[in-house]
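If you're matching them up, the sequences are chains A and B in order. Everything in the first sequence is counted per this note's numbering, starting at 289 for the first residue and increasing by one. Everything in the second sequence is counted per this note's numbering, starting at 19 for the first residue and increasing by one.
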Amino acid sequence: MDVLSLSRLQFAVTAMFHFIFVPLTLGLSWLVAYMEWRYVKTGDVQYLRMTKFWGKLFLINFALGVVTGISMEFQFGMNWAEYSKYVGDIFGAPLAIEATLAFFLESTFIGVWIFGWNRISKKLHAVSITIVAFATNLSALWILFANGWQQHPVGYVLNNGRAEMVDFMALLTNANGVSKFFHTTISGYVIAAFFVMGISAYHLRKKQETFIFKKSFHYAAVFGLVASLLIGFTGDHEGVIVARTQPSKFAAMELQWETVKAAPMTLVAFPDSENERNVVEGLKIPNMLSLMAYHDPNAEVKGLKEFSREDRPPVLPVFLSFRTMVFLGMLFILVSATAVFLSRKETLESSPRFLGIMMLMIPLPYIAAQLGWIVAEMGRQPWIVYGLLRTSQGVSTGIDVAQVVGSLAGFTLLYGGLAAVDAYLLFKFARKGPDKGVDEIVNMKRA
Amino acid sequence: MIFQITWFILWGVLWAVYFMLDGFDFGVSILQPFIAKNDAERRLVLNSIGPVWDGNEVWLITAGGATFAAFPTTYAVMFSALYTPLFIILCAIIVRGVSIEFRGKSENPLYRRAWDWAFVVGSFVPALLFGVAFGNIFQGLPMDASGYHGTLFTLLNPYGILTGALFVLLFAVHGALWLSVRTEGEILERARGMAKTLWPVLTVVAVAFLVATAFATRLYDNYLSMPFLAPLPVLAVLALLAAGYFIFKGKSAHAFVSSCVTILMVTFTGVAGLYPNLIPSSIDTKYSLTIFNSSSSQYTLTIMTVVALLFVPIVILYQAWTYKVFSDRISVEGIARDEDAY
């Protein structure tokens with residue numbers, strides 16, 4: 289393999305690994321904050337134990353999210369120096385602003401939250417985790433402004449052999465960035481909701497700490513249902529924007545080879561990229577694709593043949609990832625609606641089979657989120673900045689294969705090891721349940 | 019031009035504050051094997067930086083992000099030229115970060131010892147390599163029109179290693195002083211003793227560095243042509259001497275403040291000596307990356323300046339507040355009672 293393929297592989301490995309930990313924290317931070325505010329409001333120590341239990345699982349993930357994020361930032365310079373020179377005038381700003389506005393906030397207040405239990409007032413303590421939740425989401429906003437620009441460059445001119453920013457507001461109102469922000473962060477909420485429901489289900493099956501886990505399950509179910517519905521809406525909106533701004537990606541997602549008006553949606557299909565057609569094609573809904581893409585049943589949808597072969601993304605993985613993601617998204621709506629229904633009727637404990645299913649559901653939203661990034665990033669190929677700069681033009685020229693092999697192997701080993709420890713710790717603490725001693729400690733402090 | 023100079027100064031400030039803050043985190047963990055004798059004491063050492071290390075580390079991310087946004091060409095050349103050392107620094111920082119969070123999550127002594135060493139190595143390596151990297155930047159990198167010509171071993175030259183040693187010692191003394199203001203009992207005594215032992219060594223290395231800089235770099239040229247910059251190195255030397263004075267007087271808090279000033283001034287001295295270069299070329303100055311030939315457009319720099327002037331003061335305010343919240347001394351007994359400590 290050459291420096292380009294190795295660098296792409298390394299970026300994929302590190303980005304996807306980073307995105308195992310980040311999305312959970314996007315949603316779990318809100319849930320933990322809500323639990324702590326319940327404690328502040330009621331003074332009931334059960335809510336404090338609940339907060340600390342989920343807080344511990346949150347922190348294990350948070351640490352990994354932070355440290356893996358650092359290597360993301362520096363890889364742009366290490367492996368993608370030509371890209372960095374070309375787009376730094378625009379792309380660097382949101383990254384620097386993210387650090388200044390969001391990253392400082394979350395990293396400072398997470399320390400206050402972990403260590404501040406006995407030093408600051410209850411309210412201020414609950415404010416700390418709320419700030420962490422807000423800042424974590426704010427950080428995603430700036431990163432997705434940067435990514436959105438890569439997907440759909442706006443507000444720039446080409447000058448001195450690079451893209452220079454001329455309209456900062458265009459960057460902040462870029463439909464691609466804004467819509468990606470909502471779709472991505474809300475996918476994190478779905479992940480967190482199913483994470484909390486799954487672990488709660490485990491304890492409810494064992495009939496232990498039922499107060500805490502029934503409440504936790506219920507909060508997460510409501511959060512999960514709202515988030516799953518929103519993910520459907522934002523996903524639909526993403527589709528509209530992609531059709532407009534990245535027609536080659538959209539065509540790959542939908543296996544549309546020909547440019548046609550009033551395009552139907554094909555429910556069952558499989559591509560034959562070699563011969564530029566689908567080998568399987570069935571169950572068509574007339575006008576549906578045009579309607580979804582342009583909210584107009586007769587609109588024209590561009591096909592892959594519109595683009596020369598070297599300008600097309602890899603069709604099969606983009607298509608399969610997209611379909612699986614959409615299928616999973618619908619499943620989440622169904623399952624979380626059932627979860628809300630059952631948890632409202634207080635029949636959770638008598639449905640061990642449903643609880644078992646909820647435990648098995650935990651990994652699925654993670655998979656859906658990873659597939660979403662495959663659609664977004666692989667679908668953008670061969671462009672590193674869509675329509676402007678090819679990925680092959682963005683790679684560093686001053687590094688050699690041996691260096692990248694070394695760093696790729698190093699990152700893979702290190703991340704693999706960390707993933708193992710992380711999984712071990714999450715299992716350990718999730719199974720252990722809330723700490724028992726909090727009541728005594730609270731009483732001791734009052735006395 | 020005014021924006022480039024502003025961002026050059028901010029660039030220096032971000033690195034200086036990063037070294038001042040994360041410097042004591044590094045120092046504390048480098049000293050951990052020498053200062054802590056058992057599990058409870060190692061836990062204390064770790065918890066002395068527990069509430070603040072994460073916020074400190076963000077100054078690095080901001081320094082990196084600011085380099086990218088304000089001087090993209092420098093960012094690209096710097097990090098691809100220093101690919102392997104940067105990769106090693108990243109791994110070390112990752113390992114250190116998780117070691118702090120993971121260490122206390124199991125009672126298994128083997129598990130704990132493994133993370134203890136990850137904590138020590140994960141701090142020593144970046145402290146040393148940041149020094150090596152900056153030493154090499156001060157000297158200039160072998161760059162011409164076709165890019166960087168060198169390997170990892172090019173960087174491990176005597177001056178680079180000397181700067182690395184200077185960084186490690188600066189941080190070690192800084193960490194010992196941090197422990198002297200944050201802890202109680204035996205750890206406090208050992209930390210004070212460590213500061214007394216290390217400060218003379220640091221001073222010798224600092225003198226060697228000042229002398230070597232005259233031969234290995236052109237940093238002093240700026241001080242001869244722009245004498246108004248002279249307070250920077252003078253203050254660096256005075257602050258180092260003040261730190262020593264307070265260490266031997268037993269005034270830990272004063273010594274720690276002096277050490278903060280030392281690190282800030284040492285970094286400023288180096289950065290001001292580079293001006294107008296960010297990375298000088300050791301082959302020919304016409305290939306040097308300067309703040310003028312590697313900067314972003316004026317439009318981007320304006321936006322970045324507004325953001326920085328509005329928000330960096332706010333960051334400093336709330337970070338200062340957390341230092342106040344966590345200013346009391348901690349002890350082995352106190353940590354043992356505190357279930358929320360690491």
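Glycine residues also receive a C-beta, built at the ideal position from the N, C-alpha and C atoms. The structure displayed is predicted, hence computed values, not measured ones.
Would you kindly check if the distance between the Cβ of residue j and the Cβ of residue i is under 8 Å?
| i | j | result |
| --- | --- | --- |
| Phe156 (chain B) | Thr235 (chain B) | yes |
| Gly315 (chain A) | Ala481 (chain A) | yes |
| Ser299 (chain B) | Tyr293 (chain B) | no |
| Leu383 (chain A) | Phe86 (chain B) | yes |
| Tyr101 (chain B) | Met366 (chain A) | yes |
| Leu159 (chain B) | Ala94 (chain B) | no |
| Val150 (chain B) | Pro103 (chain B) | yes |
| Leu577 (chain A) | Pro552 (chain A) | yes |
| Leu328 (chain B) | Met212 (chain B) | no |
| Asp358 (chain B) | Ile402 (chain A) | yes |
| Met453 (chain A) | Ser315 (chain B) | yes |
| Asn435 (chain A) | Lys468 (chain A) | yes |
| Ala381 (chain A) | Met322 (chain B) | yes |
| Trp322 (chain A) | Tyr507 (chain A) | Here the sequence assigns Tyr to residue 322 (chain A), which means Trp is not the residue at that position. Contact: yes. |
| Leu271 (chain A) | Ile479 (chain A) | This structure cannot settle anything about residue 271 (chain A), because the visible part of chain A is limited to 289 through 735. |
| Thr339 (chain A) | Val320 (chain A) | yes |
| Ile417 (chain A) | Glu324 (chain A) | yes |
| Leu282 (chain B) | Ala34 (chain B) | yes |
| Gly476 (chain A) | Leu312 (chain A) | yes |
| Val623 (chain A) | Met649 (chain A) | yes |
Spatial neighbours of residue i within its chain, please: C-beta separation below 7 Å, excluding the five flanking residues on both sides.
| i | result |
| --- | --- |
| Gln691 (chain A) | none |
| Ser276 (chain B) | Ala257, Ala260, Ala261, Phe264 |
| Gln681 (chain A) | Glu370 |
| Gly83 (chain B) | none |
| Glu386 (chain A) | Ser427, Trp430, Ile431 |
| Arg347 (chain B) | Arg200, Thr201, Glu202 |
| Lys342 (chain B) | none |
| Pro640 (chain A) | Arg493 |
| Lys214 (chain B) | Ile265, Phe266 |
Between residue i and the rest of its own chain, which residues show a CB-CB distance below 6 Å, the 5 nearest in sequence each way excluded?
| i | result |
| --- | --- |
| Thr547 (chain A) | Lys590, Gly591, Glu594 |
| Phe341 (chain A) | Pro722 |
| Phe505 (chain A) | Met485, Ser488, Ser631 |
| Arg296 (chain A) | none |
Report the partner residues of residue i according to the DSSP bridge assignment.
| i | result |
| --- | --- |
| Ser299 (chain B) | B:Leu159 |
| Ile573 (chain A) | A:Met553 |
| Ile348 (chain B) | B:Thr201 |
| Trp671 (chain A) | A:Arg678 |
| Thr181 (chain B) | Paired residues: none, contrary to the question. |
| Thr308 (chain B) | B:Asn295 |
| Asn447 (chain A) | A:Arg450 |
| Arg565 (chain A) | A:Asp560 |
| Gly523 (chain A) | BP columns for Gly523 (chain A) are empty, so no partner. |
| Gly165 (chain B) | B:Asp162 |
Chain B partners of residue i, CB-CB under 7 Å?
| i | result |
| --- | --- |
| Asp377 (chain A) | Pro90, Ser314, Ser315, Thr318 |
| Lys373 (chain A) | Pro90, Thr91, Ala94 |
| Trp437 (chain A) | Correct list: empty, because the minimum Cβ distance to chain B is about 13 Å. |
| Trp342 (chain A) | Neighbours of Trp342 (chain A) on chain B: none; closest Cβ ~15 Å, over 7 Å. |
Which residues in chain A sit within 7 Å of residue i, going by Cβ to Cβ distance?
| i | result |
| --- | --- |
| Ser11 (chain B) | The requested residue 11 (chain B) is not part of the displayed model; chain B covers only 19 to 360. |
| Tyr101 (chain B) | Met366, Ile687, Gln691 |
| Thr340 (chain B) | Thr396, Gly399, Val400 |
For a contact meaning CB atoms closer than 8 Å, what does residue i contact in chain B?
| i | result |
| --- | --- |
| Leu389 (chain A) | Val325, Phe329 |
| Trp671 (chain A) | Simply none; closest approach about 19 Å. |
| Phe293 (chain A) | In the sequence as presented, Phe is not what sits at residue 293 (chain A); that position holds Ser. Per Cβ cutoff of 8 Å: no residues; Ser293 (chain A) is ~17 Å from chain B at best. |
Locate the alpha helix (DSSP H) running through residue i, then write down its first and last residues.
| i | result |
| --- | --- |
| Leu247 (chain B) | Note, Leu247 (chain B): premise wrong, no alpha helix (DSSP H); not H, not E. |
| Asn65 (chain B) | 57-67 |
| Gln50 (chain B) | 20-53 |
| Glu542 (chain A) | 535-542 |
For residue i, I'd like the list of residues in its chain whose CB is within less than 8 Å of its CB, leaving aside the five on either flank, ordered along the chain.
| i | result |
| --- | --- |
| Leu216 (chain B) | Leu187, Ala190, Val191, Ala194 |
| Leu294 (chain A) | Val689, Val692, Val693, Leu696 |
| Thr396 (chain A) | none |
| Asp290 (chain A) | Val689 |
Just to confirm the assignment, what range does the beta strand (DSSP E) spanning residue i have?
| i | result |
| --- | --- |
| Met453 (chain A) | 450-453 |
| Leu294 (chain A) | First-last for Leu294 (chain A): 291-330, but that is the alpha helix (DSSP H), not the beta strand (DSSP E). |
Just to make sure I have the definition right: I need the residues of chain B whose C-beta is within less than 9 Å of the C-beta of residue i. Which are they?
| i | result |
| --- | --- |
| Glu361 (chain A) | Ile79, Gly82, Gly83, Phe86 |
| Val454 (chain A) | Ser315, Tyr317 |
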